[in-house]
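Going by the numbering used here, the sequence shown opens with residue 487, and the numbers climb by one from there.
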Amino acid sequence: FKAGSAFLRDVMASPDDVRRVREARTESLRIATFCAEPVSPAVQEFAQAAICRAYVNSYWATEHGGIVWGYMLAGPTKPLQADAHAWPLPWVFADVYKFGPPVVAAGGLEEYPAEALGINETGDIVCTRPYP
487 FKAGSAFLRD
497 VMASPDDVRR
507 VREARTESLR
517 IATFCAEPVS
527 PAVQEFAQAA
537 ICRAYVNSYW
547 ATEHGGIVWG
557 YMLAGPTKPL
567 QADAHAWPLP
577 WVFADVYKFG
587 PPVVAAGGLE
597 EYPAEALGIN
607 ETGDIVCTRP
617 YP
């Protein structure tokens with residue numbers, strides 16, 4: 487099941503819509519997702535309480551042919567929280583890097599030195615192996 491963050495924000499703004507969502511029969515849902523949207527923890531918390539306990543944030547694009555970032559329900563290493571996080575899935579090898587200013591290398595080509603970052607540090611996501 488997928489419903490976007492903007493849609494759920496609109497639902498949350500209307501007591502009648504909130505009631506209708508809470509009355510819907512969603513107990514058969516095992517997982518639900520947002521897709522690459524700015525998701526606030528409040529919206530994810532509402533979705534987890536009203537629609538599906540395992541309402542996760544995911545990322546994919548048509549050219550990927552599948553989800554690349556998300557949350558693995560089977561054997562999770564982190565408890566699922568309403569914090570809008572998504573992690574590389576097992577078939578995606580990626581890390582977060584910070585790039586420095588360009589350095590002129592041999593042959594006059596510019597190289598950008600990169601440093602892998604730690605947990606809770608902000609940078610650029612880099613796929614470290616080709617996508618399958």
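Glycine is no exception: its CB is placed at the ideal position from the N, C-alpha and C atoms.
- By the criterion of a C-beta distance shorter than 7 angstroms, Ala-568 is surrounded in its chain by Pro-527, Gln-530, Glu-531, Gln-534, once the five residues flanking it on both sides are discounted.
- The alpha carbon of Ser-491 has as its nearest neighbour, out of Ser-544, Arg-505, Arg-516, the alpha carbon of Ser-544.
- Its chain contains Ala-602, Leu-603, Glu-607, Thr-608, Gly-609, Asp-610, Ile-611, Val-612 as the residues whose beta carbon lies nearer than 8 angstroms to that of Val-582, once the 5 sequence neighbours on both sides are disregarded; these appear in chain order.
- Only residues of its own chain outside the window of five on either side were considered, and among them Ala-536 have a CB closer than 8 angstroms to the CB of Arg-508, listed in chain order.
- Under the three-state reduction of DSSP, Gly-594 is assigned to helix.
- Non-local beta-carbon contacts of Phe-520 in its own chain, meaning distances under 6 angstroms to residues more than five positions away in sequence, involve Ser-491, Asn-543 in chain order.
- According to DSSP, Thr-519 shares a beta bridge with Lys-488, Val-542.
- Linking Ala-499 to Phe-493 through their CA atoms gives a straight-line distance of about 10 angstroms.
- C-alpha of Asp-503 to C-alpha of Thr-512: approximately 15 angstroms in a straight line.
- As for any beta strand (DSSP E) of minimum length 3 sitting wholly inside the region 551-585, the runs are 580-585, ordered along the chain.
- Counting C-beta atoms within 10 angstroms of its own C-beta, Gly-556 has 16 or more neighbours from the protein chains shown and is therefore classed as buried.
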